Each structure stands twice: as structure tokens, then as C-alpha cells.
Amino acid sequence: MAAETKGGFVEKLQHVDRRILYLVLAVLVAIPLIWPFTLPLQVSPAVYSLYDHVESLKSGDVVLMSFDYSAGGAPDIHPQVEAIVRHLAKKDGVGLVTVGFFPDGPMFAEKVFWILEEAGKTYGEDFVNLGYRAGGEGAIAMLASDVKAAFQTDFRGNDTSSLPLLQKVKSARDFSLIIEFAGGSPGPPEWIRQVQAVYRVPLAVGISTSMVPANMPFLESGQLISILSGLRGAAEYEVLLGEAGKGSAAMSSQTLGHLVIMVFLIVGNVSYFLTRKNSSRRIS
Amino acid sequence: MRRELPSVVLFVVGLLLILERFLNVGLLAEVGQEIRTWGIIVAAFAVAVASMNLIVVHVRNVRQHKNVVYSLTLLLALVGMAGLGIATGTDSSGYKFWYNSLLSPMSSAMFAMLAFYIASAAYRAFIAKNAEAAVLLISAVLLMLGNVALGEMIHPNYGAVSSWIMNVPNLAGQRGMMIASAIGAVATSLRVLVGIDRTHFGGGE
Amino acid sequence: MSTNVGDWLAALSILALYSFLYKENPVYRFAEHLFVGISAGHAIAMAYGNVRDVAVKPMLDGRWVLAFPCLLGILLFARFSKKNSWLARYPVALITGIGTGMALRGIPSSQILAQLNGIFIPLTNISNIILFFGVIGALVYFLFTKEHKGIVGGFASVGKWIMMVSFGATFGTTVFERLSLFIGTLNTVLGDWLGIIK
Amino acid sequence: MDSRWRQIREKGGSMVLYVERLLSLATLLLISFFVFWGIFTAKRGNVPKIRRIPGLEAITEAIGRATELGKAVHFNPGIGDLTSEVAPQTLAGLDILTYVAQTCANYGAELIVTNRNAVVHPITEEIVRQAYANQGVIDLMKPETVRFLSDEQFAYAASAMGIIQRERVAANIMIGAYYAEALLLAEAAAQVGAIQIGATARMYQLPFFVATCDYTLLGDEMYAGGAAVTGDAVRLGSILGQDYVKIVCIVLGIIGALSATLGSTWLNDLFARFGN
């Protein structure tokens with residue numbers, strides 16, 4: 001009899017309504033946002049490498065940032081942009097050129113310019129938003145070979161030959177550092193084979209977390225100087241910067257969210273094998 | 285003639301871009317720049333065509349009185365956003381307002397729903413029925429512990445375990461798959477370049 | 490509670506879409522069609538900006554040759570007519586030619602040679618040995634004209650198990666990413682709108 | 688570049704050929720040679736044989752089980768189209784649909800094909816009708832055998848889940864380009880205890896197929912499966928050519944690793960200098 005009721009309970013466990021599972025996840029992920037608890041966070045060598053690179057920039061250097069992600073993937077990537085731009089804001093005389101090969105790209109670049117303006121930097125002299133170009137890999141190669149030919153007009157309608165910052169830049173070779181933020185394609189492979197392989201400029205990428213494993217070979221081979229892994233990459237950069245931001249705030253929610261999914265995995269597997277053992281015993 | 289000439293155009297364009305990379309010839313670099321400029325323009329038109337497809341489908345819905353309210357909503361939203369962007373420029377504060385208060389949050393929500401689908405699938409569908417799935421799920425759990433601070437709670441330098449898994453076995457598998465699929469991609473591109481494969485031209489003679 | 494209209498629109502549109510998780514309903518379908526329409530509208534606005542900046546403006550400055558790619562672009566619309574949809578093949582030939590050419594010129598050095606160079610490593614420690622035999626094993630697994638028997642079978646199974654670890658890594662990182670997106674929407678609803686996140 | 692090449696450069700005799708990219712050019716030519724040679728010989732008659740693919744054999748077993756239980760087989764060729772870069776995956780799905788439809792017609796099992804792409808839908812209808820006609824059981828094909836559900840990703844997934852659970856299908860076969868909606872289909876089929884066979888070359892979706900399906904074709908294995916089922920000489924020849932390139936890579940890998948183990952980095956330097 002005991003086996004039956006145990007089987008009954010386990011069977012009931014398996015046919016829980018999907019919406020209850022959703023509710024459990026939603027509540028447990030929301031709680032730490034309201035009452036955050038801080039957890040130790042190890043900073044990976046790749047994040048140190050990018051931080052040191054930005055820290056070593058001197059007045060007169062120009063950084064290129066490419067925004068190749070959609071609004072859908074932004075919450076996992078955009079906090080990285082805020083953290084790095086906050087670091088750039090502290091570097092006097094360092095210029096920033098932004099571009100995007102996703103239609104959403106330039107919209108997210110515009111969202112971080114207030115950080116630079118607050119540090120006294122001005123559009124045209126210290127930062128420029130070139131805007132969006134369709135055509136993916138072909139357009140990237142076009143930008144890399146001749147920036148002002150690919151973008152005769154910037155995102156705000158100015159003539160690029162009139163912007164002081166852009167007079168210091170002809171091709172990709174004139175950038176001291178390129179950081180590509182990517183959520184899909186075009187992404188790291190396209191930038192590596194059309195820009196890094198040809199112009200040998202230091203290339204770092206800030207990508208959505210699920211793309212990290214597939215791009216690790218590029219980091220190990222030295223084709224990339226750094227990979228920032230989604231929201232955790234932002235949290236790690238914020239630790240080095242000494243300023244908590246969206247990345248650190250989300251880590252406690254991530255921890256509970258992961259706990260929920262791991263418990264579901266374990267319960268799901270245990271109840272599957274229990275019912276299979278019960279049912280197989282019943283049949284034989 | 286309708287299938288041969290486009291294939292010749294495709295072959296010449298592709299070959300010129302390949303030669304541009306391997307031959308240090310000034311003329312080739314200029315031709316490459318021109319081809320890429322034309323490519324950006326045609327790719328921009330291609331984006332408009334994809335949206336046009338949407339317009340055709342939903343105008344037909346409205347005409348056939350099939351879910352009229354929803355199709356009208358879609359068409360008005362499309363024309364409104366495109367019109368605003370073209371009229372005031374996509375960098376205007378008005379355009380940014382609608383972008384940041386409707387498009388951005390909604391597209392995050394559409395993808396965020398996948399977190400829920402993974403949770404219910406974790407409960408019901410991710411079962412270690414065979415050895416492959418078992419190895420996959422075990423290494424997934426080991427790495428998930430490392431991605432959030434749970435690992436450090438179990439053992440202070442748990443981080444070293446998960447980063448070793450990421451930097452050695454994971455990297456080996458990813459690198460092997462990268463080489464194999466790169467060879468596959470080159471073979472597929474070669475067949476397209478010389479016109480053996482023509483799926484991109486669609487059906488019809 | 491925020492008084493900014495933008496926060497209200499953002500939060501309500503998120504909740505309208507999340508209602509699909511409870512049950513498919515008219516509010517969800519309205520929000521979904523609104524979203525699909527706005528995204529398409531945004532794509533058109535950005536594409537228009539490209540044609541204006543890359544073709545029209547330079548043409549007004551004298552580069553009349555750029556009228557030709559515009560014509561090619563317009564030919565793409567021929568796809569909607571049954572009779573002469575073959576005209577659309579010319580712009581498609583240009584775009585596909587560029588895509589094919591860029592891939593063929595870039596893949597060999599960055600995704601084949603540089604990666605092979607990564608396994609010319611001394612087999613003197615356990616990590617290098619796993620790295621080397623993992624890559625060779627994965628390559629052997631993807632041989633399709635050799636049966637997986639004997640030495641080939643052995644390498645293929647080494648490759649398969651190593652790839653299972655790689656899939657485990659992608660599985661775990663996808664969970665992290667999806668949670669980040671959900672947390673992003675919570676920041677909008679609970680933070681910007683309701684203001685209960687400090 | 689070592690000094691000799693640099694001298695030539697500096698004397699104004701600019702090299703037409705980028706010396707540091709010689710090996711990359713050689714790699715491209717080598718792959719072209721093997722692929723076109725493979726296609727050429729296959730077209731002339733000696734068509735290569737593809738190795739055993741467990742996922743393919745499982746299809747016959749799954750349809751057999753569905754026939755015994757008197758339940759339906761659900762098939763979907765992915766949600767991709769026929770012109771974008773995922774076209775090869777959709778094509779492989781359609782090749783394997785030919786095999787699935789023939790086996791279902793043979794066993795008399797009930798087949799349900801669902802589609803998300805409006806262009807792919809009529810093609811699947813034609814494939815299933817052709818297969819049933821070849822087996823002389825065209826009457827087995829009902830109007831609802833092949834169904835177009837919706838062109839919107841998640842609306843398609845929601846209604847496909849409904850069909851899988853209402854029909855309590857015994858087998859769920861998903862072969863093609865898949866995105867996040869694959870999880871919904873796999874979960875619905877897992878709940879009704881169906882045998883699941885999945886295949887996609889989208890590497891971000893593959894882990895979820897391995898974790899949910901009984902059999903999974905990994906990445907390019909689906910292309911080999913599609914070519915094997917239809918016996919398409921061009922693609923089989925191309926696969927043979929790619930195999931030879933992989934063998935060259937394996938041999939180079941072994942030579943490089945052995946040299947490095949013995950302390951010499953001649954191959955690393957060769958690749959680094961000429962493989963840009």
C-alpha cells in the first residue's frame with residue numbers, strides 16, 4: 001500500500017501545473033531584487049585584461065564600440081556598456097566612436113552618452129555615434145577599411161568630415177581598442193575574420209552569456225583580448241570599478257533563479273526514475 | 285538565361301572579394317569598397333521588403349475580415365513608428381520615447397518568457413534517459429554552480445573547478461565543432477559561389 | 490509609483506505579454522501585434538536612414554552611379570509579383586555574392602588555421618592532453634564516410650563525450666542569459682514603475 | 688615577415704601576393720579541390736556511402752512503435768525558410784520527411800506534419816502526397832495530415848503543443864532550424880511519453896535537444912542524414928570532400944602536437960607567419 005501512495009505522490013509531483021512552476025520562479029527571482037543579499041564574486045582574468053587595457057589608455061587614444069545586439073537581448077549585455085563607459089568617462093582625452101550593425105544598436109549607444117556628458121565630455125570632440133549600417137559582415141569590413149567613407153553622415157545627421165574626433169581616425173588601425181557588444185550574428189566571428197585578422201587591433205567582446213562557450217576558443221588563441229560574459233561580466237567589471245550597478249544588483253536574483261532551476265532538474269529526474277521503476281515493477 | 289546571369293553576377297562578386305583579401309592590388313581594394321557600398325544599399329532595401337511582406341499579409345487579413353483588430357493594430361504601429369522615424373529622424377527625443385517605452389521593454393519580455401519555458405522543461409523534459417544527456421546535465425549543473433556564487437558556498441575555490449571545465453573540456457569540444465562546421469560552411473559557400481546550390485534564388489524557372 | 494508615462498507604458502506592455510504565460514488571451518495578442526508592428530516600423534526607419542545617407546546624399550553630391558544599387562534594391566520588390574519574380578534574383582545575387590565572398594575569405598585563417606594552431610601543444614600535462622584528444626575526437630566524430638569502428642570509433646566516442654560537456658556549458662549559460670532578460674523586465678516593472686526596488 | 692621578404696617590399700617592389708596570407712589561400716584552394724573533386728566523382732557514379740547514423744535508424748523504430756500503439760507520428764521540418772542561411776537545415780528536414788512519409792505509408796502509421804513557414808508548407812504537402820502515392824496508399828492521406836499552424840514563432844509552438852497532447856502522439860520527430868520554441872514542443876511530447884528524435888545545426892539549440900530527445904543528430908550530422916536518405920550525388924560528394932579536409936586537419940594536428948611535445952614549434956610559427 002505504501003508503494004501505491006508513494007507512487008501517487010510522485011505521480012502528482014510530475015503532473016504539477018506548469019503555471020505553478022512559473023510562479024515559483026517569478027517570486028524567487030523577484031525577492032532578491034527587493035531585498036538584495038550580496039555574495040562573493042570572483043573576477044575572471046578576461047575581465048581584468050579588459051579593465052587594465054582601458055585603464056592604460058592615454059589622452060589622444062580613440063576607442064571603437066560596436067553595438068550588435070537587439071533590444072530583446074539587451075538586459076544581458078547593456079549593463080556591461082554602462083560599466084565600461086563609466087570607466088571611459090574617467091579617462092581624460094580618450095575618445096569614443098560608437099557604431100551598430102543591428103538596427104537597435106545606435107539606440108542603445110545614445111542611452112549611455114549622459115554618463116560622458118556628466119563628465120564634461122562633448123559630442124563631436126569626445127564621442128560620436130556613427131549609427132547603423134545594414135549588410136552585416138560586408139558593412140563591418142567597409143567600416144574597418146575607411147570609417148568616414150562608410151559613414152559620411154553620423155546618426156545625428158552631421159557630416160562626419162566636420163567632426164573633430166573623426167579627423168584622428170581613418171581605418172580600424174587608428175583605434176587603440178575595439179569592443180564589440182554582440183547578441184547574435186554578426187558577432188565575434190565576423191569581427192575577428194574581417195577586422196582583427198586584417199588590422200591586428202586589440203579586440204574585446206561583450207556578449208550574451210549563452211554565446212560565451214562557443215567563443216572561448218578565440219580567447220584562448222589570443223584572437224580576442226577579453227570576453228565579458230553577459231550580466232556577470234558587468235558585475236565583475238563593476239567590482240573592479242568600485243561602483244555597484246545593474247550587474248551586481250542582479251547577481252543575487254540570478255543565484256536564486258539558478259537554485260530553482262537546479263531543484264526542478266533534480267526533482268524532475270528523481271520523480272521520472274521513481275515512476276519508471278514503479279511502473280516497470282507493476283508491469284513485470 | 286534567367287537563372288544563368290544572376291549566378292554569374294554572384295560568382296564575379298564573390299571572387300572579386302576573395303581576390304581582394306589575397307592580392308595586394310589597389311584597384312581590387314577600390315572595387316571591393318564599391319561592391320560593399322552597393323551591398324549596404326541593397327541590404328537596406330531588403331529590410332524594407334521583409335517588412336513589406338508583413339504589410340501584405342495583414343492588409344489581406346483586414347480585407348478578408350480575419351482578426352481585423354489585431355492586424356489593424358500591427359499596421360498602425362508599423363506605419364506610425366516608420367513615419368515618425370522618417371519624419372523626425374531616429375535620433376529625435378520623440379522617437380526615442382516610443383522606442384524606449386514600448387519596443388525595448390516588449391522585446392525583452394518576449395525573450396524573457398523563455399526563462400519560464402526552461403524552468404518547466406527542467407522539471408519535465410530534461411531527463412537523463414541516456415548517458416549523453418546525463419553527462420550534459422551534470423556538467424551543466426557543475427557550471428551553473430560556478431556561474432552564480434553558489435559554488436563558492438560549497439567550497440572556497442570552487443571557481444577553479446568550473447573555470448577548468450570551461451577552459452579545457454568545453455573548449456576542446458567547441459574548438460573541434462568550430463573547425464568541423466567551418467569546413468562545412470566553406471563547402472556550402474563554395475557550392476553557392478559556383479551555382480551548384482541555388483536555394484537562395486527561390487523556386488520557379 | 491512612477492508618474493512618468495514612459496514607465497507606465499513599458500510596465501503595462503510587459504505585463505500584457507506575460508499574460509501569455511497564464512493563458513493565450515486577447516490582451517496578449519494585442520500587445521504582440523503592437524510589438525511586431527513597432528519592430529517592423531523601426532527596421533524600416535533605420536533602413537530608410539541607410540538609403541538616405543549611403544545612396545541619396547552622395548548622389549546629390551554627384552556620385553550618380555549609386556542610382557544603380559537603388560534600382561537593384563527596388564527590383565527586390567519584384568518578388569511579390571508571380572510573373573516576373575525572377576528580376577529579384579539580381580539584388581539577391583549581389584547580397585549572396587558578398588556574403589559568400591566575405592565568408593570564404595575570412596573563415597580559413599580565423600576559424601580553421603588559428604584553431605588548429607591551438608592544438609599544436611606539448612602533450613605533457615593532463616589539460617593539454619584532454620584539449621588535443623577532444624579536438625581530434627570531435628573532428629573524427631564528424632567524419633561521415635568512415636564507420637565508427639575500431640580506432641575511428643574510439644576517437645569518435647572521445648569526441649562525443651567531450652562535446653556533451655560543451656553542450657552542458659551552453660545549456661548552463663543559456664539558463665543564465667534567460668534569467669538576465671527576466672530580471673531586466675522586473676527592473677522595469679518593480680523598479681521604474683512601482684518603485685519598490687531601491 | 689622575416690628580413691628577406693621585407694627587403695623586397697622596401698625596395699619598392701610591392702609584392703602582389705600578401706605573403707602572410709599564403710597559407711589561408713592554400714587552405715581555401717585545398718578545400719575547393721577536395722569538395723569539387725568529391726562532387727565530380729560522385730556525379731560520375733561512385734557515390735560515397737554514409738556511416739551508420741543512430742538517429743536515422745531510430746526513426747524506423749519510432750514509427751514501428753507508433754503503429755503498434757495505434758497512435759500518430761508528429762513531424763516538423765523546423766521553423767526556418769528556404770532562402771536564408773538556415774535553408775540547408777530546412778532542406779535536410781524535407782529530405783528526411785520523404786523517408787518518414789514513406790515509412791509511415793509502409794507501416795500504415797498515422798502521420799501529422801505541422802508547419803510554421805508558409806513557403807515550406809505546400810512543399811511538405813507535395814512530399815507526403817508523393818510518398819503515399821508511391822506506396823499506393825494515397826487514401827491514407829487526409830486533409831489534416833499536413834497542417835499550416837501560424838507564421839508567428841510562439842503561436843506556432845502553442846498550437847503544435849496542443850496537437851501533440853490532444854493526439855497523444857507516440858513519436859515526435861523535429862529536424863530542421865530551431866530556435867527557442869523547440870523547448871515547448873519537446874516538453875509537450877515528453878509529457879505524453881513520445882519517443883523523440885531531434886536534429887538541428889543551430890548549436891545554441893542542440894543542447895536542449897540532447898537533454899530532451901531519445902536520439903539527437905549533432906550539427907552537420909543532419910546534412911549527412913538528409914543526403915544519405917535521398918542519395919543526392921552532389922551533396923554526398925561534397926561530404927566526402929569535407930571528410931578528406933578533416934583528415935588533413937587531423938594529420939596536421941598530430942604532427943603539430945608531436946613536434947611541440949618534442950620541443951619544436953616549427954608548425955606553430957609556419958601557421959602564425961603565413962596563416963593570417
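Protein chains in written order, with my numbering: chain A, 1 to 284; chain B, 285 to 489; chain C, 490 to 687; chain D, 688 to 963. Backbone N, C-alpha and C define an ideal beta-carbon position, used for all residues, glycine too. For clarity, every value in this text was computed on a predicted model and none was experimentally measured.
Alpha-carbon spacing of residue i relative to residue j, whole angstroms
i: Tyr237/A; j: Glu772/D; result: 35 Å
i: Tyr630/C; j: Gly607/C; result: 19 Å
i: Ala567/C; j: Leu576/C; result: 6 Å
i: Ala235/A; j: Ala399/B; result: 20 Å
i: Tyr442/B; j: Phe524/C; result: 43 Å
i: Ile77/A; j: Phe841/D; result: 24 Å
i: Val10/A; j: Ala603/C; result: 52 Å
i: Lys198/A; j: Pro830/D; result: Here the sequence assigns Val to residue 198/A, which means Lys is not the residue at that position. In a straight line, the C-alpha of Val198/A is about 56 Å away from that of Pro830/D.
i: Phe656/C; j: Pro213/A; result: 9 Å
i: Leu426/B; j: Val938/D; result: 34 Å
i: Leu165/A; j: Leu96/A; result: 8 Å
i: Tyr784/D; j: Arg752/D; result: Per the sequence shown, the amino acid found at residue 784/D is Leu instead of Tyr. Approximately 18 Å, taken between the alpha carbons.
i: Val516/C; j: His522/C; result: 10 Å
i: Met462/B; j: Met490/C; result: 49 Å
i: Lys148/A; j: Lys168/A; result: 11 Å
i: Leu560/C; j: Val326/B; result: 9 Å
i: Ala422/B; j: Ala556/C; result: With the sequence shown as reference, residue 422/B is identified as Ile, and Ala is not the correct amino acid for it. Roughly 58 Å between the two C-alpha positions.
Beta-carbon neighbours of residue i, restricted to chain G and to distances below 9 Å
i: Pro735/D; result: The structure shown has no chain G; the protein chains it does contain are A, B, C and D.
Residue environment, residue i, which counts as buried when at least 16 other CB atoms sit within 10 Å
i: Ser391/B; result: buried
i: Asn573/C; result: exposed
i: Glu55/A; result: exposed
i: Arg578/C; result: buried
i: Asn493/C; result: exposed
i: Gln254/A; result: buried
i: Phe569/C; result: exposed
i: Leu506/C; result: buried
i: Ala244/A; result: exposed
i: Tyr401/B; result: buried
i: Gly918/D; result: exposed
i: Ala805/D; result: exposed
i: Trp553/C; result: exposed
i: Thr613/C; result: exposed
i: Gln789/D; result: buried
Contact check, residue i vs residue j, beta carbons under 8 Å
i: Leu294/B; j: Gly586/C; result: yes
i: Ile584/C; j: Ala418/B; result: no
i: Ser49/A; j: Ile207/A; result: no
i: Arg133/A; j: Ala119/A; result: no
i: Gly73/A; j: Phe395/B; result: yes
i: Ser658/C; j: Asn454/B; result: According to the sequence provided, residue 658/C is Ala. The question's Ser does not apply to it. For Ala658/C and Asn454/B, yes; Cβs fall inside 8 Å.
At least 3 beta-carbon pairs within less than 8 Å: the region 925–934 of chain D vs the region 745–761 of chain D
no
Output, in sequence order along the chain, the residues in the region 141–153 of chain A whose CB is closer than 9 Å to any CB in chain B.
Ala141, Met142, Ser145, Asp146, Ala149, Ala150
Take every Cβ of the region 51–66 of chain A, pair it with every Cβ of the region 25–32 of chain A, and state whether three or more of those distances are shorter than 8 Å.
no
Scan the region 31–56 of chain A for residues whose Cβ lies nearer than 9 Å to a Cβ of chain C and list them as they occur along the chain.
Leu33, Ile34, Pro36
At a cut of 8 Å, does the region 34–52 of chain A reach the region 242–253 of chain A through at least three beta carbon pairs?
yes
If contact means a Cβ-Cβ distance below 7 Å, which residues of the region 207–220 of chain A contact chain D?
Ser210, Ala214
Which residues, in order along the region 505–517 of chain C, keep a beta-carbon less than 9 Å from a beta-carbon of chain A?
Tyr507, Leu510, Tyr511, Lys512
Evaluate contact between the region 533–542 of chain C and the region 366–382 of chain B, counting only Cβ atoms and requiring at least three cross-stretch pairs below 8 Å.
yes
Using Cβ-Cβ distances below 9 Å, what residues of the region 321–350 of chain B are close to chain C?
Thr321, Trp322, Gly323, Ile324, Ile325, Val326, Ala327, Ala328, Phe329, Ala330, Val331, Ala332, Val333, Ala334, Ser335, Met336, Asn337, Leu338, Ile339, Val340, His342
When the Cβ atoms of the region 620–627 of chain C are set against those of the region 731–747 of chain D, are three or more pairs found closer than 8 Å?
no
Please list, in chain order, the residues of the region 191–208 of chain A that have any C-beta partner in chain D closer than 7 Å.
Ala197
Looking at chain D, which residues of the region 443–454 of chain B have a Cβ within less than 7 Å of any of its Cβ atoms?
none
Cβ-based contacts, 7 Å cut-off: residues of the region 891–905 of chain D near chain A:
Tyr891
Got a sec: which bits of the region 637–664 of chain C sit with their beta carbon under 8 Å from any beta carbon on chain B, in order along the chain?
Gly648, Lys649, Trp650, Ile651, Met652, Met653, Val654, Ser655, Phe656, Gly657, Ala658, Phe660, Gly661, Thr662, Thr663, Val664
Please identify, using Cβ separations under 7 Å, the residues of the region 573–585 of chain C that lie next to chain B, in order along the chain.
Ser574, Trp575, Arg578, Tyr579, Pro580, Val581, Ala582, Leu583, Ile584, Thr585
With three or more C-beta pairs closer than 8 Å as the rule, is the region 865–884 of chain D touching the region 901–921 of chain D?
yes
Three or more beta-carbon pairs under 8 Å between the region 755–771 of chain D and the region 796–810 of chain D, yes or no?
yes
Given 8 Å as the limit, is there contact between the region 719–733 of chain D and the region 467–474 of chain B, that is, 3 or more CB pairs closer than that?
yes
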